[in-house]
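First up is the structure itself, then whatever we jot down about it.
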Amino acid sequence: MASIHAQGSQPGPAARAKCPPHSDRAGVLKQFAQSASLRGGSLSPLLTQIRDTPLLWLLSLVPVLFVAKAFKPEAHAVLFLLSVAAIVPLAALMSHATESVASKTSDAVGGLLNATLGNLTELIIALTALRAGEYVLVKASIAGAIVANTLFMLGASLLLGGLKHHVQEYNRSTARFQAGLLFVATIALLVPSLESGANAAAAGSQFTQVLSLGLAILLVISYVLGMLFSLKTHREVFASATRDHEDQTPWPIALALVTLAGVTVLIAMVSEIFVESVQHAAETFGMTAAFVGFIVVALVGAAAEMASAFAAARKNRLDLSVGIALGSASQIALFVAPVLVLLSYCIGPTPLNLQFWPAATVMMLIASLTATLVTNGGRSAWFLGVLLLDVYLIFAMTLYLMPPPV
Amino acid sequence: MASIHAQGSQPGPAARAKCPPHSDRAGVLKQFAQSASLRGGSLSPLLTQIRDTPLLWLLSLVPVLFVAKAFKPEAHAVLFLLSVAAIVPLAALMSHATESVASKTSDAVGGLLNATLGNLTELIIALTALRAGEYVLVKASIAGAIVANTLFMLGASLLLGGLKHHVQEYNRSTARFQAGLLFVATIALLVPSLESGANAAAAGSQFTQVLSLGLAILLVISYVLGMLFSLKTHREVFASATRDHEDQTPWPIALALVTLAGVTVLIAMVSEIFVESVQHAAETFGMTAAFVGFIVVALVGAAAEMASAFAAARKNRLDLSVGIALGSASQIALFVAPVLVLLSYCIGPTPLNLQFWPAATVMMLIASLTATLVTNGGRSAWFLGVLLLDVYLIFAMTLYLMPPPV
Amino acid sequence: MASIHAQGSQPGPAARAKCPPHSDRAGVLKQFAQSASLRGGSLSPLLTQIRDTPLLWLLSLVPVLFVAKAFKPEAHAVLFLLSVAAIVPLAALMSHATESVASKTSDAVGGLLNATLGNLTELIIALTALRAGEYVLVKASIAGAIVANTLFMLGASLLLGGLKHHVQEYNRSTARFQAGLLFVATIALLVPSLESGANAAAAGSQFTQVLSLGLAILLVISYVLGMLFSLKTHREVFASATRDHEDQTPWPIALALVTLAGVTVLIAMVSEIFVESVQHAAETFGMTAAFVGFIVVALVGAAAEMASAFAAARKNRLDLSVGIALGSASQIALFVAPVLVLLSYCIGPTPLNLQFWPAATVMMLIASLTATLVTNGGRSAWFLGVLLLDVYLIFAMTLYLMPPPV
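Residue numbers (numbering that gives the first Met the number 0), protein chains in the order written: chain A, 0 to 405; chain B, 0 to 405; chain C, 0 to 405.
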């Protein structure tokens, strides 16, 4: 009943295609436009999608941003706000384009694309910051993405789902399995920080750098093994954790690829303005670079995935929400972070290491542990979401109030 | 069978009221006294209760304490021991009075009263210490209450229950849910300590104070939401975790209210002597203020709840024991601690912050994590209780041996 | 079916003894040799076992080592490698001798022997290091044994089992119970380090020493209670976690006792050469004493148990693997460590304390917590093993790269 109702309330074009006699005039028109575009590879599905999704109307801010940058390059606060607002719809568009490409390829390649490009927005922003030598911002955005996924995305999913459904049950075996992966992945990422945090006197920068490089290589190998695991040998375990496509029509492959390329370039350009303005804007708003990277960048970069996770929670499909939240956090630890370290040898002014400042280390550990313990029961109710959001709010408050790290 | 046996072994007056023909002479007499008091609101039920409960005979130490204080105000060691011994029966009496008031009101109001007044003894002692400016004692009693509830109360319940029953099973979903709440609540409370512990150089006292205030407000809001949750929207989850009333007769409302008021005043007066004498007594016994607050105050303040938890464990109702232990610990974190911070702006010499000294932080984290992991399985046997008590003993030993924090 | 197949694929002499008519010629011969040795108590079963087990061929290195020591006492690197290679087969032999003695005694005494002598190799090496005053090596081998058991032994078991079986399920109640014991045991062991780590300013060496002694006494008492628990009151919980004897023929008691005594002496002698050479060899290979103790000694000492755990995992008996890994780690914390502290008052130059250096503390905590969380689900697949091994590799890499602790 639930899924029928969900489809009924928001009938996608695919559903209509199956039952043309019942569709209304607008439906016929839309269907026609769609089939035309499917044949001609035109931009219609993209435009239709933009028209139907209020979030994507924010795309109009992208040209506004570029104009503002050209005419008012010193208005950092405005440029910062505009770039934040412009990244959100671009990330949503990229997410849809990625899924469209994935749906046209074989399952294995599609899964690979989805897994690799899932955190592409975060990766592009971090790469831009890396090239600009903004290492605090890079590390803050890695740490912040893990914390935002495990506390904010999970907490808000539990709260939103719990407000609609009394008690939500989900597959606890799968959740525990994924939480186990997340926990071990986070630990692996944190070892250099734990060591040097615990043994500061003995840790030199040479030691940290070599360890970070070795760790990055190990994590990337683990990531490749992890793909083999989740896409090949044990795909059924992760079956329910792939994103939910039923409400969305995949685009034609040519359009999807062009969109993917175009949006990637646009995100890179917007990220550049964002990274340039963030330092000044942070001063204007009284925020530290750590706060901006940890909270703002992380939430902005994960906006598209959050929308999916929240929608799934409302439909009482917490398996999906938990899978997106924990899977995305694992991916940051196992893929995004080591790739940044490896690329820093090519594009950054100096190599990036994986030594986080102590507060970030503690927060990542707590976030990962909390997610593991909370998803352990396989049951949820709204107050659990409130408590997870509490911890996130407290972290945000702490970072906002904390003097910049020395 | 178990509950029939439990009733049979200690038949309360309520049970007898249902079957007057079978009651013995004493029962008739008691029943008469009771019904008389119900009509007249006399003190009989209170006196009956005191007569039947050996623990309450310690109430006789209350006047002894006041006399001793008047004539020997410098005998700190004696005053300390007397005040400790006097608080235990007062706390038990307060607990019974609270439950009597709660049982006369609507379920929601009753639950609210029980939840709010459940840790009233701890709150009064801490407030007295706060007014006297004994901040180490206040913080130690908060930290100690969480550790005592999660390690000592839970450990002794598992041990006592396990000595009587081979393997005890309990509802693991409920236990996990409550343990999740406890873990997140403890984490929320600990964030200022974790931050400043991890980043001591960057943490100023101004920062800690503002953070503590913001945190206190957030925790109180969470506590109100938590009440809404456990008393209104999800009361069935906590159904078995409310205290067990079947063995005790509720008092008439007037008597209960008068007792509540009287006992509150007495505990406040005894606490004052306790807080005054503790510093000197600690020196006499070679104990630090941290040890006294962490171990002695916490055990004394929780004595009444421990009696309930242990009795439930012996009756193979571990759900109840686990609920009391974890629920009480959560309440300290979500209610008592923030209320103390907020009230410190009115009654203390300087505001109280939530920055605990490092050893206390580590102990609270370990205690909360241990409780979460141990209750995770839904099964218990006596050796698990031994190990929990081990950790508590080691903490106590450490605090006893440790030089006072600088 | 599974156990029938396991027996069928590798029929032990015991199985053949039941069905002599079907046994082949070699079987008859072996059976004859065996029954002869059973009557005469000769060395035949020992020699047979050595002949059939390639690992035991390494025993030939024991005399080589002694000869090398006599003629080339300054060839530290060679002596180090030879002594490492000689300890492995001796540990395997000791393990088999212990089990043979255990199988001849009553169940309770046998369990006691198995439990106490299970980590005898580790104990002998640590005692030799203790007598030589190599405290860093002693502590490193304690910490390393816990980490190697919980990360390497468990991880490799999950990986090896997972490569053969798609998803492995095991009794999650038992695993959780054992993981709970391990976690609390580790915490108990770590308290002095946590305290002094967290509160370094307040911790004096006198305080640490007294605390370590008190803790050791408490842990030994807990260990005795734990034996009572696992061998007497709750032996059925640990039933599946005892080692698997079905593939191995017990030796006659006299041979087993003589082997036990002889191997103990040999391990002690080899350990002496090992401890002497390790300092110099470490320098030659560019390793710190911490790395050698933490990684090399721990893996060497646990080799025999690892062989059992891996074999069980391949046979889809993960209960057994998890039991061996977690049980052995608990035993190090509850028995080996406190015994070393107590004996250090008799045999070491100065008493041993239980204060580990910060990195070791963090690693033990993480290892114990990871094992608890990973075994929590009762399900495993190969990638979980990869991730556990990742964490172990990262620890090893960190210790290898890290400058020696100050």
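Glycine included, each C-beta is placed from N, C-alpha and C at the ideal position.
So, with DSSP's three-state summary, where would you put Arg378 of chain B?
The sequence position of residue 378 of chain B within the second sequence is 379, counting from 1. Arg378 of chain B carries a strand assignment under DSSP once its states are collapsed to helix, strand and coil.
Return the chain-ordered list of same chain residues with a C-beta closer than 8 angstroms to the C-beta of Ala336 of chain A, the five sequence neighbours on each side being excluded.
Here the question's residue 336 of chain A lines up with position 337 in the first sequence. Taken in chain order, the residues that qualify are Ile141, Leu188, Ala215, Leu218 and Leu353.
What whole-angstrom Cβ distance do Ile323 of chain C and Ser307 of chain C have, given they're in contact under 8 angstroms?
Within the third sequence, numbered from 1, the residue matching residue 323 of chain C stands at position 324. Within the third sequence, numbered from 1, the residue matching residue 307 of chain C stands at position 308. The beta-carbon distance between Ile323 of chain C and Ser307 of chain C, rounded to whole angstroms, is 6 angstroms. This is short enough to meet the 8 angstroms contact definition.
Which residues does DSSP list as the beta-bridge partners of Glu168 of chain A?
As a working mapping, residue 168 of chain A is identified with position 169 in the first sequence. Beta-bridge pairing links Glu168 of chain A to A:Arg378.
At a CB-CB cut-off below 7 angstroms, which residues of chain B make contact with Arg378 of chain A?
Residue numbering aside, residue 378 of chain A sits at position 379 when the first sequence is read from its first letter. Residues of chain B passing the Cβ test: Ser172 and Phe176.
Relative to the C-alpha of Lys103 of chain A, which residue among A:Ile252, A:Val321 and A:Ile186 is closest?
Here residue 103 of chain A is taken as the residue at index 104 of the first sequence, counted from 1. When each option's Cα is compared against that of Lys103 of chain A, the closest is A:Ile252.
Using 8 angstroms as the threshold, is the C-beta distance between Ala358 of chain B and Met401 of chain B below it?
Numbered from 1 along the second sequence, position 359 holds the residue referred to as residue 358 of chain B. Numbered from 1 along the second sequence, position 402 holds the residue referred to as residue 401 of chain B. In this structure, Met401 of chain B lies closer than 8 angstroms to Ala358 of chain B by Cβ.
Using a beta-carbon distance below 8 angstroms, is Val269 of chain C in contact with chain A?
Mapped onto the third sequence, residue 269 of chain C falls at position 270. No, its Cβ sits nowhere closer than 8 angstroms to a Cβ of chain A.
Proximity test, Cβ basis, 8 angstroms: Ala184 of chain A and chain C
Counting from 1 along the first sequence, the entry for residue 184 of chain A is found at position 185. It does: the Cβ of Ala184 of chain A has a partner Cβ on chain C nearer than 8 angstroms.
When you compare the CB of Thr369 of chain C with every CB in chain A, is at least one pair closer than 8 angstroms?
Here residue 369 of chain C refers to the residue found at position 370 of the third sequence. Yes, Thr369 of chain C counts as interfacial toward chain A.
At the level of alpha carbons, what is the spacing between Phe109 of chain A and Val100 of chain A?
Indexing the first sequence from 1 puts residue 109 of chain A at position 110. Indexing the first sequence from 1 puts residue 100 of chain A at position 101. The sequence given here places Gly at residue 109 of chain A; Phe does not occur at that position. The alpha-carbon separation between Gly109 of chain A and Val100 of chain A amounts to approximately 7 angstroms.
Determine the contact status of Asn148 of chain B and Asn375 of chain A, defining contact as a CB-CB distance below 8 angstroms.
To locate residue 148 of chain B, count along the second sequence from 1; it is residue 149. To locate residue 375 of chain A, count along the first sequence from 1; it is residue 376. No, they are not a contact pair.
Check for me: the alpha helix (DSSP H) holding Arg313 of chain C runs from which residue to which?
The sequence position of residue 313 of chain C within the third sequence is 314, counting from 1. Where Arg313 of chain C is concerned, the enclosing alpha helix (DSSP H) stretches over Ala302 to Arg313.
Do you know offhand how far His4 of chain A's Cα is from Lys314 of chain A's?
Position 5 of the first sequence holds residue 4 of chain A. Position 315 of the first sequence holds residue 314 of chain A. Because the pLDDT of His4 of chain A is 37, which lies under 50, any placement of that residue in the model is unreliable, and the number read from its coordinates should be weighed accordingly. Those two C-alpha atoms are separated by around 10 angstroms.
Taking Met396 of chain C as the query, report the chain A residues whose CB atoms sit under 7 angstroms from its CB, ordered along the chain.
As a working note, residue 396 of chain C is residue 397 in the third sequence. The answer, in chain order, is Leu210 and Gly213.
Interface residues of chain B facing Ser221 of chain C [CB-CB closer than 8 angstroms]:
Mapped onto the third sequence, residue 221 of chain C falls at position 222. Within 8 angstroms of the CB of Ser221 of chain C, the CB atoms of chain B belong to Val385, Leu386 and Asp389, in sequence order along the chain.
Hey, does Val146 of chain B have any beta-carbon neighbour from chain C nearer than 8 angstroms?
Within the second sequence, the letter at position 147 stands for residue 146 of chain B. Not closer than 8 angstroms to any Cβ of chain C, the Cβ of Val146 of chain B fails to qualify, so no.
Kindly list, in the order they appear in chain B, the residues whose Cβ is closer than 8 angstroms to that of Met93 of chain A.
To locate residue 93 of chain A, count along the first sequence from 1; it is residue 94. Here the premise fails: no neighbours, minimum Cβ distance about 33 angstroms.
Are the beta-carbon atoms of Leu210 of chain B and Thr397 of chain A separated by less than 8 angstroms?
As a first step, residue 210 of chain B is located in the second sequence; it is residue number 211 there, counting from the start. As a first step, residue 397 of chain A is located in the first sequence; it is residue number 398 there, counting from the start. Cβ atoms of Leu210 of chain B and Thr397 of chain A: closer than 8 angstroms.
Within 8 angstroms of chain A by C-beta, residues of the region 326-340 of chain B in sequence order:
Residues of the region 326-340 of chain B with a C-beta less than 8 angstroms from any C-beta of chain A: none at all.
Can you find a C-beta in chain C that's less than 8 angstroms from the C-beta of Met401 of chain B?
Reading the second sequence from its first residue, position 402 is the one you call residue 401 of chain B. Yes, Met401 of chain B counts as interfacial toward chain C.
Given Val66 of chain B as reference, the closest of B:Arg130, B:Trp56, B:Leu57 and B:Leu78 once Cα atoms are compared
The residue given as residue 66 of chain B occupies position 67 in the second sequence. Nearest Cα to Val66 of chain B within the set B:Arg130, B:Trp56, B:Leu57 and B:Leu78: B:Leu78.
Mind listing which residues of the region 257-268 of chain A have their C-beta closer than 7 angstroms to chain B's C-betas, in chain order?
Correct list: empty, as no residue qualifies.
DSSP on Ala74 of chain B, reduced to helix/strand/coil?
Working through the second sequence from its first residue, we reach residue 74 of chain B at position 75. Ala74 of chain B falls in the coil class under three-state DSSP.
Residue nearest to Ala90 of chain B in terms of C-alpha spacing, selected from B:Leu383, B:Leu81, B:Thr263 and B:Leu317
Counting from 1 along the second sequence, the entry for residue 90 of chain B is found at position 91. Looking at the Cα atoms, B:Thr263 is the closest of the given residues.
Please state whether DSSP places His233 of chain B in a helix, a strand or coil.
Reading the second sequence from its first residue, position 234 is the one you call residue 233 of chain B. His233 of chain B: coil per DSSP, three-state reduction.
State yes or no: is the beta carbon of Leu230 of chain C nearer than 8 angstroms to at least one beta carbon in chain B?
The residue you call residue 230 of chain C lines up with position 231 of the third sequence. No, Leu230 of chain C does not count as interfacial toward chain B.
Cβ closer than 7 angstroms: which chain C residues qualify as neighbours of His75 of chain A?
Position 76 of the first sequence, counting from 1, holds the residue named residue 75 of chain A. The contacting residues do not exist; His75 of chain A stays about 40 angstroms from chain C at best.
Measuring alpha carbon to alpha carbon, tell me which residue in B:Tyr391, B:Ile365, B:Asp389 and B:Val321 is nearest Phe176 of chain B.
On the second sequence, residue 176 of chain B is found 177 positions in, with the first residue counted as 1. The shortest Cα separation from Phe176 of chain B among B:Tyr391, B:Ile365, B:Asp389 and B:Val321 belongs to B:Val321.
Reducing DSSP to helix, strand and coil, say where Ala131 of chain A ends up.
The residue you call residue 131 of chain A lines up with position 132 of the first sequence. Here DSSP, grouped into helix, strand and coil, assigns Ala131 of chain A to coil.
Using 10 angstroms around the beta-carbon of Asp51 of chain C, count the other beta-carbons present and answer buried if the total reaches 16, otherwise exposed.
As a position in the third sequence, residue 51 of chain C is number 52, starting the count at 1. Result: exposed.
Of the listed residues B:Leu325, B:Ile393 and B:Gly384, nearest to Asn118 of chain B (C-alpha basis):
The count along the second sequence starts at 1 and reaches residue 118 of chain B at position 119. Of the residues B:Leu325, B:Ile393 and B:Gly384, the one whose Cα lies closest to the Cα of Asn118 of chain B is B:Leu325.
Determine, for Ala131 of chain B, whether the minimum Cβ-Cβ distance to residues of chain E falls below 8 angstroms.
In the structure shown, chain E cannot be found, because the protein chains are A, B and C.
Pick out whichever of A:Tyr134, A:Glu168 and A:Leu256 has its Cα sitting closest to the Cα of Leu112 of chain A.
Taking the first sequence and counting its residues from 1, the one referred to as residue 112 of chain A is at position 113. Looking at the Cα atoms, A:Leu256 is the closest of the given residues.
Close-in-space but distant-in-sequence residues of the same chain around Val390 of chain A (CB under 6 angstroms, 5 per side omitted)
Here residue 390 of chain A corresponds to residue number 391 of the first sequence, with the count starting at 1. Within the same chain, and ignoring the five residues on either side of Val390 of chain A in sequence, the residues whose Cβ sits closer than 6 angstroms to its Cβ are Leu150.
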